[in-house]
Amino acid sequence: MATTLPKSPPPSSLFASIDMGTNSFKLLIVRANPSGQFLTLNHLKEPVLLGLNSTPTNPFAISNQSHLVALQTLQNFQKLLLSHRVIPDHTRCVATAAIREATNGNELVECVKEKIGLGVEVLSGEEEARLVYKGVLQFLPLVYEKLVLVIDIGGGSTEFVVGKGGKVCFGASLKLGHVNLTEKFVKHGDHNVGDMREFIRLVIEESGVFERIKEFGGVEMVVGCSGTIRAVEKAVFYGYAKSEMFENDNVVLFEEWKRDWRFSRRELSGVVERLCDGREGEKARRDKFFNRRSEFIVAGAVLLEEIFEVIGIEDMEVSGYALGEGVIAESLGKAYGGYDLNANVRWRSVVQLAMRFNSKKSMRVAAQCAGIAKVIFEGLRECEEVAASLNERDLEYLEAACLLHSVGLFMGKKGYHKRTYQIIMDGGHLHGYSTEEVKLMALLARHHRKKFPKSDHASLIAFSNEVKQKFRSLCAIVRISVALQQHQCINIQEMILSISHEGFKLVCASLNVT
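Heads up: the sequence shown is residues 292 to 805, going by my numbering.
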């Protein structure tokens, strides 16, 4: 008989958020399920620079050029949403500081609705802070029960949130962002760092934020999110402040792969000192490392250092999720009639590990592999003989292995599958899984390439016969999924699984390439 596998993924499981930020617009498309587990399918970031003419103290208007770029960017996002078949009720578009503060922000909002058909929700500073906190909980669910201070540095504002148990205890938004500070103090290469520091301290002190935070008697953890803070963490991870390490192509010491997403005040100061170094060649070095963020990273890093100093922060955890994921989480709650913010700690630890070592492009590739594997897995379970041996937990192992299969590439291609195994097994990154489960996922990721292991392979000896058989089935799916993803000419949404006494045959159609 022949079974046609369902198109992947069904549109009802897709959700999207659009974040119209001061510096850039971001589109996030995820595949989700009612348990709260979601996987990023596409994450686009386009520079728009709505706040290019803004400063922290003066009113500003969005320029005609930025207005046009914003419309074009949103039109491109809309085309991508249509191509993914994301239904309108599952898409939420929000705007932050630039549109909130611009004298002509409402004009852009109305134009977007009229010309593109997207309704834009202009968030208040407090609402933005709340959604940022919700996004952080998706990445760091273990902080759910802790009293946590979340700091998000954007282009036009910085959000401070104190939260516990999924509820916001205090939220504030200050008009301090890496774009408006750059416009005021750093533009044209003239780094008035001393004046910028003094201004930042004055704004923080006058806001009363520090006093409000102190009222809680001390937070248990400080978490930073947003591109600026992630860029600082990346600079610490890759040894940006240490020239003897950074001059090499492989700048990450192998021992460093166990490092969590965090940095200390001392490490932050080292990065800031290097960023403010006026010696010859430093700008080129900064541009190479930070790419498009290079123009604003000095102001952003100095702002963060002053926040550390004023509030008395010694260490900061870093979240890979922020506003966009918070918007997604809220959409899931509405769509599924309730949503446990602290659900599925296991799965989120997998996503954290994948994001630690995979670039954005590699994450998209890994997510595509996971999507293909899910389609094959669900198609095979239509066969009664297979359905008896595979369950939903096995799908989790399968998708995790696909997400993690290439994390070892950060040290080069040669033998990367073996490094992937070592990172999964020895890094202590995965939470909530048994030792056997971690080993199963590590072996599935390792054996996505090279020779297919036999049942008596040394690495499988400790497994029962049932687990060995499960491993071989799942490993075959992983290998097929990786191979199919690499061949972009194949239409992975139209696959036919033929089942007969001889076994299974997977038939894929070719894309029409012109």
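Even for Gly, the Cβ is constructed at its ideal location relative to N, Cα and C. In this text the structure is predicted, and so the values were computed from the model without any measurement.
| Item | Value |
| --- | --- |
| Alpha-carbon to alpha-carbon, LYS745 and ALA522 | 43 Å |
| heavy atom of the ligand FMN below 7 Å from PHE580 C-beta | The ligand FMN is not among the ligands present in this structure, which contains no ligands whatsoever. |
| Rounded C-alpha distance that separates VAL314 from CYS766 | Contrary to the premise, residue 314 reads as Asn rather than Val in this sequence. Distance between the alpha carbons of ASN314 and CYS766 is about 43 Å. |
| HIS268 versus ILE714 - alpha carbon distance | Because residue 268 is not part of the residues shown, which for the chain are 292 to 805, the question remains open. |
| Three-state class that DSSP yields for VAL513 in the structure shown | strand |
| Member of GLY468, ASN397, ASP310 and HIS739 whose CA lies at the smallest distance from the CA of GLY342 | GLY468 |
| Among LEU318, PRO325, GLY312 and LYS317, the one whose alpha carbon lies nearest that of SER304 | PRO325 |
| Separation of LEU438 from ILE309, as counted between CA atoms | 29 Å |
| Which listed residue (GLY327, GLU401, LYS458 and GLN776) has its alpha carbon closest to that of CYS660 | GLN776 |
| Presumed contact (8 Å Cβ cut-off) between GLU412 and ARG383, rounded CB distance | 7 Å |
| Straight-line gap, ASP540 to ARG583 (C-alpha atoms, nearest Å) | Note on ASP540: pLDDT 46, under 50, position unreliable in the model; no value is reported. |
| Neighbourhood of VAL494 by C-beta distance below 8 Å, restricted to the same chain and skipping five residues each side | PRO347, LEU465, LYS466 and LEU467 |
| When PHE668, GLN429 and ALA626 are compared against ALA761, the one with the closest alpha-carbon | One point to set straight first is that residue 761 is Lys, not Ala, in the sequence displayed. The shortest Cα separation from LYS761 among PHE668, GLN429 and ALA626 belongs to PHE668. |
| Simplified DSSP state of LYS704, which is helix, strand or coil | coil |
| Contact belief for ALA386 with LEU414 at Cβ below 8 Å, rounded distance in angstroms | 7 Å |
| ASN649 vs VAL698 beta-carbon contact at 8 Å | yes |
| Proximity below 8 Å, CB of TYR712 to CB of ARG740 | no |
| Element boundaries [alpha helix (DSSP H), containing THR814] | No answer is possible for residue 814: it lies beyond the span of the chain, which begins at 292 and ends at 805. |
| As assigned by DSSP and simplified to three states, the class of LYS455 | strand |
| Residues near ASN333 by beta carbon distance below 6 Å, same chain, minus five either side | ILE320 |
| Stretch-stretch touch, CB-based, cutoff 8 Å, three pairs: the stretch 441-449 with the stretch 524-531 | no |
| Selected residue, minimal CA-CA separation from ASN471, among ASN367, GLY312, GLU436 and SER653 | GLY312 |
| 6 Å CB neighbourhood of PHE430 in its chain, flanking five on each side removed | SER610, GLY611 and TYR612 |
| Close Cβ partners of THR394 (< 6 Å) along its chain, the five nearest in sequence each way excluded | PRO350 and ALA352 |
| Backbone secondary structure at LEU554 - three-state DSSP | Residue identity differs from the one stated: residue 554 is Phe in this sequence, not Leu. Three-state result, PHE554: strand. |
| Sub-8 Å separation of LEU594 and ILE444 beta-carbons | yes |
| Among ALA420, VAL484 and HIS778, the one whose alpha carbon lies nearest that of GLY457 | ALA420 |
| Pairwise C-alpha distance: LEU700 and TYR707 | 5 Å |
| Given 8 Å, three or more beta-carbon pairs between the stretch 367-383 and the stretch 617-629 | yes |
| Inter-residue CB distance, ARG570 and ILE588 (contact presumed, cutoff 8 Å) | Wrong, their Cβ atoms sit about 17 Å apart, outside the cutoff. |
| Buried versus exposed, by CB contacts within 10 Å (16 or more), ILE752 | exposed |
| Same chain, Cβ closer than 6 Å to PHE306, five either side skipped, listed in chain order | VAL321, ALA323, HIS381, ILE619 and SER622 |
| Straight-line Cα distance separating HIS375 from GLY591 | 34 Å |
| Unbroken alpha helix (DSSP H) run spanning LEU695, endpoints | 683-695 |
| Straight-line gap, LYS709 to MET732 (C-alpha atoms, nearest Å) | 13 Å |
| LEU689 classed as buried or exposed, judged by whether at least 16 other C-beta atoms fall within 10 angstroms | buried |
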